[in-house]
Amino acid sequence: MGRALIVSAGASSNEYLCARLTELGYTRSLIVPSGAEARRRMRESDFELIVVNAPLPDEFGHDLCATAVEKTDAGVVFLVKAAAAEQTPMSEQGVLLVCKPFSNTLFLQAIHMAAASNHRLQVLRQENARMQEKLQQVRLVSRAKCCLIAERGMSEAEAHRYIEKNAMDTRRDRAEIAQEILDSYDPSGV
4 MGRALIVSAG ASSNEYLCAR LTELGYTRSL IVPSGAEARR RMRESDFELI VVNAPLPDEF
64 GHDLCATAVE KTDAGVVFLV KAAAAEQTPM SEQGVLLVCK PFSNTLFLQA IHMAAASNHR
124 LQVLRQENAR MQEKLQQVRL VSRAKCCLIA ERGMSEAEAH RYIEKNAMDT RRDRAEIAQE
184 ILDSYDPSGV
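Residue numbers (the numbering used here): 4 to 193.
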């Protein structure tokens with residue numbers, strides 16, 4: 004597993020949380036006592052899991068959880084007393100709410116669910132990056148086709164065939180051929 008951020012001001016709680024996370028493989032847990040410090044650390048580092056133990060000295064913690072979900076890919080677990088849990092709806096924001104006191108089993112299940120959500124989010128981001136790259140390639144090839152149509156008077160089918168054939172003959176990607184075509188007519192590539 005990776006890094007975990009524990010945001011908690013209680014020494015005994017910190018020991019418990021750190022021990023449970025270490026058992027689950029989060030060997031590099033960072034403990035901070037306040038929401039302000041947690042926000043600073045979230046900007047500096049990536050975490051796979053963020054556990055917020057309410058209340059914090061500088062805030063209750065629900066705003067910190069919302070910020071963590073919005074700004075990071077981490078799974079977020081919010082530990083709050085049962086009485087306050089009803090007034091703190093966090094599930095719509097993607098935060099796992101665990102009422103205190105809780106059993107060890109419940110806590111471990113929440114951590115596993117948070118880790119699963121982190122993993123799913125990372126997979127989706129990777130897929131999104133691949134799709135964005137593919138879209139960029141399609142746009143580049145389309146611009147090269149338009150260039151061939153305008154400059155050489157080719158039809159769309161001929162321009163497509165020209166790019167495909169050059170890519171196969173030279174064993175290169177269609178995007179490379181398209182970029183060369185664009186560069187040959189406009190050195191700036193715009």
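Even for Gly, the Cβ is constructed at its ideal location relative to N, Cα and C.
No experiment lies behind these values; they were computed from the predicted model shown.
Just measuring C-alpha positions, the residue of Arg175, Gly13, Glu154 and Arg6 sitting nearest Leu82 is Gly13. When DSSP states are grouped into helix, strand and coil, Gly78 belongs to the strand group. Within the segment 20 to 75, complete alpha helix (DSSP H) segments of at least 4 residues are found at 38 to 47 and 65 to 74, given in chain order. Taking 8 Å as the cut-off, the Cβ atoms of Leu27 and Ile9 do not count as close. The residue from Glu159, Asn56 and Asp189 with its alpha-carbon nearest to that of Glu18 is Asn56. Leaving aside the five residues that flank Ala178 on each side, the residues in its chain whose CB is nearer than 7 Å to its CB run, in chain order, Gln140, Leu143 and Val144. When the alpha-carbon of Arg44 is set against those of Leu99, Thr70 and Leu151, the nearest one is in Thr70.
In the three-state reduction of the DSSP assignment, Ala85 falls in the helix class, which pools H, G and I. Contact check for Val101 against Ala113 passes: the beta carbons are separated by less than 8 Å. DSSP places Arg6 inside the beta strand (DSSP E), whose first and last residues are Arg6 to Val10.
DSSP links Val98 through a beta bridge to Val79. Under DSSP, Lys103 takes part in a beta bridge, and its partners are Lys84.
Taken in chain order, the whole beta strand (DSSP E) runs of length 3 or more contained in the segment 93 to 177 are 98 to 103. Linking Gln182 to Tyr188 through their CA atoms gives a straight-line distance of about 10 Å.
In chain order, Ile152 place their CB closer than 8 Å to the CB of Ser158, counting only its own chain and leaving out the 5 sequence neighbours on each side. Beyond the five residues adjoining it in sequence on each side, Ala7 comes within less than 8 Å, by CB distance, of Leu24, Tyr29, Arg31, Ser32, Leu33, Phe50, Glu51, Leu52, Ile53 and Val54 in the same chain, given in chain order.
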